[in-house]
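**Q** Once you've had a glance at the structure underneath, I'll fire off some questions.
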Amino acid sequence: MKKFIAFALLLPLISSAQLPDHIYDPNIRTVKLLKYGDMYAYPIIALNSNDQLELHFDDLEGDVKNYYYTFQLCNADWSPGNLQSFDYIKGFQTTRITTYRYSSISYTQYTHYQASLPDRNSIPTRAGNYLLKVFRNNDTSALAFTKRFLVVNNRVAVSAQIHQPFNSQLFRIGQRVQVGVSTANAQINVLSPQDIKVVVLQNNNWMTAAYLDRPTIYRGNYYEYSDDALSFPAGREWRWLDLRSVRLRSDRVQRIIDSTDKTEVYVIPDTERQGEIYVYYRDLNGIYTIENTDGNNPFWQSEYASVHFTYVPPGRQPYAGKEIYIFGELTNYTPDESSRMTFNEEKGVYEGTLFLKQGYYNYSYVTVENTGQGNRPSFANTEGNYNSTENNYTVLIYYRGFGARADELIGMAEVNSL
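According to our numbering, the residues represented by the sequence shown are -17 to 400, in order.
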């Protein structure tokens, strides 16, 4: 059985309090969970190691609140594991966030919170997918936001390669990941090939993750996954926006309006790139970083700005039967009302506004068919797909033994299309 995970299709399987990478409190902004000391790394730590993660977020109400966090163990598809928290958390089940600081020298008032986790008094004891849940006053019903992170127990040997897809429709515009898994030294009892699941992420985006629970071939302790179920449209290098300074205009900024109480940034209008000559340049593969070149601390001395995006469609006519969204980590890779662009009939352009903190941002535009829920975002119209595009792929190997009540993350590998 082979299928793609379109994460929107999984939402009915997860309770409303379990939506991954979701902000419930509109005052919460710029939530970043990353590997300690590496602002480009996805939050993955090794089981029983000294690895640490950094959590950063802002509260725009500007006062001090009692925020706590806990972990929720999840399966490969991010449905909750059938375990009590005492089965996978050693120590306290909730931990208070005690490090915070008021913003300074910025028009926007906010309180910046940060934490290093796992805390030595609250440690994950099982490998797998985890949902970090942050809430107020030690009340889990007062949920502020959730963020994904992974705990891996490397027990299998994983190899990955990039090839052209077999599918003729994807041959020139896609990339196929071939995965090999060896359980020779894993000390696990695989009763069926379906005990092992493979999830592949393109640029750490769970919205378009590929999921396989059956190998293409297997012999002895070796399992190979090599068909088009692991093929991805390649997209194109991400667009960029440099907001590290709000005093000087960067190359993608048209103008900055700096009043006494707010800052507005107008981005140079973007156009369709489908059909243009492909050009490689280095990007961040869709993420953003919090940085400040105005000489201030990036976390509590950075300004927030209303950033206005403009997209000019071909012929200044709207795409028939489709909506356009701003896409990337800056919108949680989620096409929703906050990231949807509105067509201005008078100007013949799509317009959208995001409230962003100073930093360096990657973004793209995607279209989604407006025929109903579950449609996948597509780069085909707005960006185009080119099989030479540089993409990073993360391969995750899960195992659930007989009688187990949650998927265990037993291996991972990363491979770049270059």
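C-beta atoms are modelled at their ideal positions from N, C-alpha and C, and glycine is treated no differently.
When burial is assigned at 16 or more other CB atoms within 10 Å of the CB, is Leu400 buried or exposed?
**A** On the sequence shown, residue 400 is found 418 positions in, with the first residue counted as 1. Classification of Leu400: exposed, given that the 10 Å Cβ count is below 16.
**Q** Mind checking which residues open and close the beta strand (DSSP E) that includes Thr107?
**A** Along the sequence shown, one-based indexing puts residue 107 at 125. Note, Thr107: premise wrong, no beta strand (DSSP E); not H, not E.
**Q** Could you say which of Thr81, Thr376, Asp69 lies nearest to Asn48 if we only look at CA atoms?
**A** Taking the sequence shown and counting its residues from 1, one reaches residue 48 at position 66. Nearest option by C-alpha distance: Thr81.
**Q** In its own chain, which residues sit with a C-beta less than 8 angstroms from the C-beta of Asp265, not counting the 5 before and 5 after it?
**A** Within the sequence shown, the letter at position 283 stands for residue 265. Cβ within range, chain order: Glu219, Trp220, Trp222, Asn344, Glu372.
**Q** Between the C-alpha atoms of Val249 and Leu230, what's the straight-line distance to the nearest angstrom?
**A** Locating residue 249 in the sequence shown gives position 267, where the first residue counts as 1. Locating residue 230 in the sequence shown gives position 248, where the first residue counts as 1. Rounded to the nearest angstrom, the two C-alpha atoms are 13 angstroms apart.
**Q** Which residues in the same chain as Thr253 place their Cβ atom closer than 6 angstroms to its Cβ, once the five residues preceding and following it in sequence are excluded?
**A** For this step, residue 253 is matched to residue 271 along the sequence shown. Excluding sequence neighbours, Thr253 sits near Val294.
**Q** Tell me whether the beta-carbon of Ile379 lies closer than 7 angstroms to the beta-carbon of Val140.
**A** Here residue 379 refers to the residue found at position 397 of the sequence shown. Here residue 140 refers to the residue found at position 158 of the sequence shown. Contact flag set, yes.
**Q** Rounded to the nearest angstrom, what separates Phe127 and Leu212 at their Cα positions?
**A** Translated into positions along the sequence shown, residue 127 becomes position 145. Translated into positions along the sequence shown, residue 212 becomes position 230. Near 31 angstroms, if we compare the C-alpha coordinates of Leu212 and Phe127.
**Q** Check the DSSP bridge columns for Ser98 and list the partner residues they point to.
**A** Here the question's residue 98 lines up with position 116 in the sequence shown. In the DSSP output, where bridge partners are listed per residue, Ser98 has Glu36.
**Q** Hey, how far is the Cα of Gly303 from the Cα of Leu113?
**A** Within the sequence shown, residue 303 is the residue found at index 321, counting from 1. Within the sequence shown, residue 113 is the residue found at index 131, counting from 1. One C-alpha to the other measures close to 35 angstroms.
**Q** Just list the alpha helix (DSSP H) runs in the segment 255 to 330, keeping only unbroken ones of 4 residues or longer that don't cross its boundaries, in chain order.
**A** none
**Q** Taking the straight line between their C-alpha atoms, what separation do you get for Ser88 and Glu285?
**A** Sequence index remark: in the sequence shown, residue 88 carries index 106 (1-based). Sequence index remark: in the sequence shown, residue 285 carries index 303 (1-based). Roughly 5 angstroms between the two C-alpha positions.
**Q** Based on DSSP bridge pairs, tell me the residues matched to Asp240.
**A** Taking the sequence shown and counting its residues from 1, the one referred to as residue 240 is at position 258. Its beta-bridge partners are Thr245.
**Q** What are the boundary residues of the beta strand (DSSP E) that includes Ser141?
**A** One-based indexing of the sequence shown puts residue 141 at position 159. Counting along the chain, the beta strand (DSSP E) containing Ser141 begins and ends at 139 to 145.
**Q** How far does the beta strand (DSSP E) with Glu351 in it extend, from its first residue to its last?
**A** What you label residue 351 is simply residue 369 of the sequence shown in a count that begins at 1. Residues 342 to 351.
**Q** Candidates Gln151, Leu132, Arg158: which alpha carbon is nearest Ala142's?
**A** Position 160 of the sequence shown, counted from the first residue, corresponds to residue 142. With distances taken between Cα atoms, Ala142 lies closest to Arg158.
**Q** Helix, strand or coil: how does DSSP classify Val45 here?
**A** Translated into positions along the sequence shown, residue 45 becomes position 63. The residue asked about is misnamed: residue 45 is Asp in this sequence, not Val. DSSP places Asp45 in coil when its eight states are reduced to three.
**Q** What are the boundary residues of the beta strand (DSSP E) that Leu16 is part of?
**A** Translated into positions along the sequence shown, residue 16 becomes position 34. Where Leu16 is concerned, the enclosing beta strand (DSSP E) stretches over 10 to 17.
**Q** According to the Cβ coordinates, are Ala287 and Val247 closer than 7 angstroms?
**A** Reading the sequence shown from its first residue, position 305 is the one you call residue 287. Reading the sequence shown from its first residue, position 265 is the one you call residue 247. In contact: Ala287 and Val247 (Cβ atoms closer than 7 angstroms).
**Q** Where does Gln160 fall in DSSP's three states?
**A** By 1-based counting over the sequence shown, the position of residue 160 is 178. Residue state, collapsed to three classes: strand.
**Q** Below 8 angstroms on the Cβ atoms is my guess for Thr446 versus Arg226; work out the distance and round it to an integer in Å.
**A** Residue coverage of the chain in this structure runs from -17 to 400, which leaves residue 446 outside it and unanswerable.
**Q** Taking 7 angstroms as the threshold (C-beta atoms), are Ile155 and Ile369 in contact?
**A** Taking the first residue of the sequence shown as position 1, residue 369 is located at position 387. Taking the first residue of the sequence shown as position 1, residue 155 is located at position 173. Reading the sequence as shown, one finds Asn at residue 369 and not Ile. Yes. Within cutoff.
**Q** Leaving out the 5 sequence neighbours to the left and right, which residues in its chain are closer than 7 angstroms to Ser208 when beta-carbon positions are compared?
**A** Translated into positions along the sequence shown, residue 208 becomes position 226. Gln160, Thr198, listed in sequence order.
**Q** Less than 7 angstroms between the beta carbons of Phe309 and Val348, yes or no?
**A** Along the sequence shown, read from residue 1 onward, the residue named residue 309 stands at position 327. Along the sequence shown, read from residue 1 onward, the residue named residue 348 stands at position 366. It is a contact, given that the beta carbons lie within the stated cut-off.
**Q** Based on DSSP bridge pairs, tell me the residues matched to Gln54.
**A** On the sequence shown, residue 54 is found 72 positions in, with the first residue counted as 1. According to DSSP, which records beta bridges pairwise, Gln54 is partnered with Leu113.
**Q** Nearest by alpha-carbon distance to Leu152: which of Phe214, Gly330, His38, Thr165 is it?
**A** Your numbering for residue 152 matches position 170 in the sequence shown. Of Phe214, Gly330, His38, Thr165, the residue nearest in Cα terms is Phe214.
**Q** Just tell me which of Ile27, Asn30, Ile10, Leu35 has its CA closest to the CA of Leu16.
**A** As a position in the sequence shown, residue 16 is number 34, starting the count at 1. Per the Cα distances, Leu35.
**Q** Could you tell me if Thr242 is buried or exposed, where buried requires 16 or more neighbouring beta carbons within 10 angstroms of its beta carbon?
**A** One-based indexing of the sequence shown puts residue 242 at position 260. Exposed: under 16 other Cβ atoms inside 10 Å.
**Q** Cutting at 6 angstroms between CB atoms, please list the residues of its own chain near Gln283, excluding the five before and the five after it.
**A** For the purposes of this step, residue 283 is taken as residue 301 along the sequence shown, with counting starting at 1. Excluding positions up to five away in sequence, the list reads Ser86, Ile87.
**Q** In whole angstroms, what is the alpha-carbon distance linking Asn398 and Glu328?
**A** Within the sequence shown, numbered from 1, the residue matching residue 398 stands at position 416. Within the sequence shown, numbered from 1, the residue matching residue 328 stands at position 346. Taking the straight line from one Cα to the other gives about 43 angstroms.
**Q** Would you please state the rounded distance, in angstroms, between the beta carbons of Phe131 and Leu125? I believe it to be under 8 angstroms.
**A** Walking along the sequence shown from the start, residue 131 turns up at place 149. Walking along the sequence shown from the start, residue 125 turns up at place 143. About 17 angstroms separates the two Cβ atoms, so there is no contact after all.
**Q** Our contact map puts Asp33 next to Ile27 with C-beta atoms below 8 angstroms; I'd like the distance itself, whole angstroms only.
**A** If you number the sequence shown from 1, residue 33 lands on position 51. If you number the sequence shown from 1, residue 27 lands on position 45. With 8 angstroms as the limit, Asp33 and Ile27 qualify as a contact, their Cβ atoms being about 4 angstroms apart.
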